[in-house]
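**Q** Numbered according to the working numbering, the sequence shown spans residues 386 to 595.
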Amino acid sequence: MDGSSSLRLGDFQLAKRWLVNITNSFDISSRHTQTGRAIKFATQHVFASSNRTRTARNRIGVVLTDGRSQDDVVDAAKEAKGLPRAYVFVTTLRLRSPTHKMKLDLLRVVSQDGLPQMAVTLNGVEKAVIFTTTATSISKKEQSVVFNSKGIQRLFDTDWHQLKLLVRSGRVTSYLDGVEVGEQLLGTVSPIYIDGKIQVAKKVKMEVTV
Numbered sequence: 386m387d388g389s390s391s392l393r394l395g396d397f398q399l400a401k402r403w404l405v406n407i408t409n410s411f412d413i414s415s416r417h418t419q420t421g422r423a424i425k426f427a428t429q430h431v432f433a434s435s436n437r438t439r440t441a442r443n444r445i446g447v448v449l450t451d452g453r454s455q456d457d458v459v460d461a462a463k464e465a466k467g468l469p470r471a472y473v474f475v476t477t478l479r480l481r482s483p484t485h486k487m488k489l490d491l492l493r494v495v496s497q498d499g500l501p502q503m504a505v506t507l508n509g510v511e512k513a514v515i516f517t518t519t520a521t522s523i524s525k526k527e528q529s530v531v532f533n534s535k536g537i538q539r540l541f542d543t544d545w546h547q548l549k550l551l552v553r554s555g556r557v558t559s560y561l562d563g564v565e566v567g568e569q570l571l572g573t574v575s576p577i578y579i580d581g582k583i584q585v586a587k588k589v590k591m592e593v594t595v
């Protein structure tokens, strides 16, 4: 609640009474507190990615709890701050010599504990674009798809181009200069944390900037 001096005393008391009336109507059970589950529900249903395409507005979630949570809150909170399930990557670039024949991460997202979260990699040798994201498999923490059609290969001709990747549930579509040049299927994606490092134009598996 806003308790600053910009709010008149009468308005502040009115806001407090409103909050008390609202919370008195809540059905508080005696079962275990699961704050993490509540945050996940809000992320997926109240603040779902499909709603984020609407007119921009300030949307705030308030968590009211009766005590310490019995489930994991940290990962749920990180997921709420991470990338939505659907998003778009767009860049305008010109790969000049010798960069157009190198392999580099145009964009790389790494979590605080060093795990890859998302990457857009350019392979100049094979003239391909590689999209990497998270996976839910226990044995495999990431998944990658490759775009190497003739349409995408024009990206490496040393001229200016716009590259766009449209990421949605179960698939990613690539566009070059506004024209669709390929679509690949994706497996289930685990939450993408952006609380670590976001890097641009780095050599693959290195900290060297191109």
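Just so you know, even glycine gets a beta-carbon here, dropped at the ideal spot from N, CA and C.
If we ignore side chains and look at the alpha-carbon of each, how far apart do V531 and K512 end up?
**A** The count along the sequence shown starts at 1 and reaches residue 531 at position 146. The count along the sequence shown starts at 1 and reaches residue 512 at position 127. Approximately 10 Å between the Cα atoms of the pair.
**Q** Determine whether the beta carbon atoms of G567 and S554 lie at a separation below 8 Å.
**A** One-based indexing of the sequence shown puts residue 567 at position 182. One-based indexing of the sequence shown puts residue 554 at position 169. Contact flag unset, no.
**Q** Given this structure, state the Cα-to-Cα distance separating G366 from A461, to the nearest angstrom.
**A** An answer regarding residue 366 cannot be provided, because it is not within the stretch 386 to 595 covered by the chain.
**Q** Please classify R481: is it buried, with 16 or more other beta-carbons within 10 angstroms of its beta-carbon, or exposed?
**A** Working through the sequence shown from its first residue, we reach residue 481 at position 96. Burial call: exposed.
**Q** Which partner residues of V514 appear in the DSSP bridge assignment?
**A** Translated into the one-based positions of the sequence shown, residue 514 becomes position 129. BP columns for V514 point to L507 and F532.
**Q** Nearest by alpha-carbon distance to L550: which of S575, T477, G421 and P501 is it?
**A** To locate residue 550, count along the sequence shown from 1; it is residue 165. That would be T477, whose Cα lies nearest to the Cα of L550.
**Q** By the DSSP assignment, the alpha helix (DSSP H) with K425 in it spans what residues?
**A** One-based indexing of the sequence shown puts residue 425 at position 40. T420 to F426 is the extent of the alpha helix (DSSP H) around K425.
**Q** Ordered along the chain, which non-local residues of its own chain (more than five positions away) have a Cβ less than 8 Å from that of T440?
**A** Position 55 of the sequence shown, counted from the start, is the residue given in the question as residue 440. Unreliable positioning characterises T440 in this predicted model, as indicated by a pLDDT of 46, which lies under 50. The coordinate reading is nonetheless provided below. Hits under 8 Å: none found.
**Q** Pick helix, strand or coil for A471, following the three-state DSSP scheme.
**A** Mapped onto the sequence shown, residue 471 falls at position 86. Coil, per DSSP.
**Q** Relative to the C-alpha of D326, which candidate in V473, W403 and T517 has its C-alpha closest?
**A** Missing from the structure shown is residue 326; the chain here goes from 386 to 595 and no further.
**Q** Would you identify the three-state DSSP class for E592, choosing helix, strand or coil?
**A** The count along the sequence shown starts at 1 and reaches residue 592 at position 207. E592: coil per DSSP, three-state reduction.
**Q** What do you reckon, are the CB atoms on I577 and V494 nearer than 8 Å?
**A** By 1-based counting over the sequence shown, the position of residue 577 is 192. By 1-based counting over the sequence shown, the position of residue 494 is 109. Against a cut-off of 8 Å, the Cβ pair of V494 and I577 comes out as a contact.
**Q** DSSP three-state call for H546: helix, strand or coil?
**A** Sequence index remark: in the sequence shown, residue 546 carries index 161 (1-based). Correct three-state label for H546: strand.
**Q** Only counting the same chain, and skipping five residues up and downstream in sequence, which positions put a Cβ closer than 7 Å to that of G467?
**A** By one-based count along the sequence shown, residue 467 stands at place 82. Within the same chain, G467 has close Cβ partners P576, I577, Y578 and I579.
**Q** Roughly how many whole angstroms lie between the Cα atoms of A427 and D542?
**A** In the sequence shown, residue 427 corresponds to position 42, counting from 1. In the sequence shown, residue 542 corresponds to position 157, counting from 1. In a straight line, the C-alpha of A427 is about 45 Å away from that of D542.
**Q** Which same chain residues end up closer than 6 Å to Q584 when comparing Cβ atoms and leaving out the 5 residues on each side of it in sequence?
**A** Sequence index remark: in the sequence shown, residue 584 carries index 199 (1-based). These residues qualify, in order along the chain: R493.
**Q** Give me, in chain order, the residues of the same chain whose beta-carbon lies closer than 6 Å to that of N436; leave out the 5 immediate sequence neighbours on both sides.
**A** Counted from its first residue, the sequence shown places residue 436 at position 51. Only weak support is given to the placement of N436: the predicted model assigns it a pLDDT of 49, under 50, and the question is left unresolved by the model.
**Q** Tell me the DSSP secondary structure of A586 in three-state form.
**A** Counting from 1 along the sequence shown, the entry for residue 586 is found at position 201. Reduced to three states, the DSSP call for A586 is strand.
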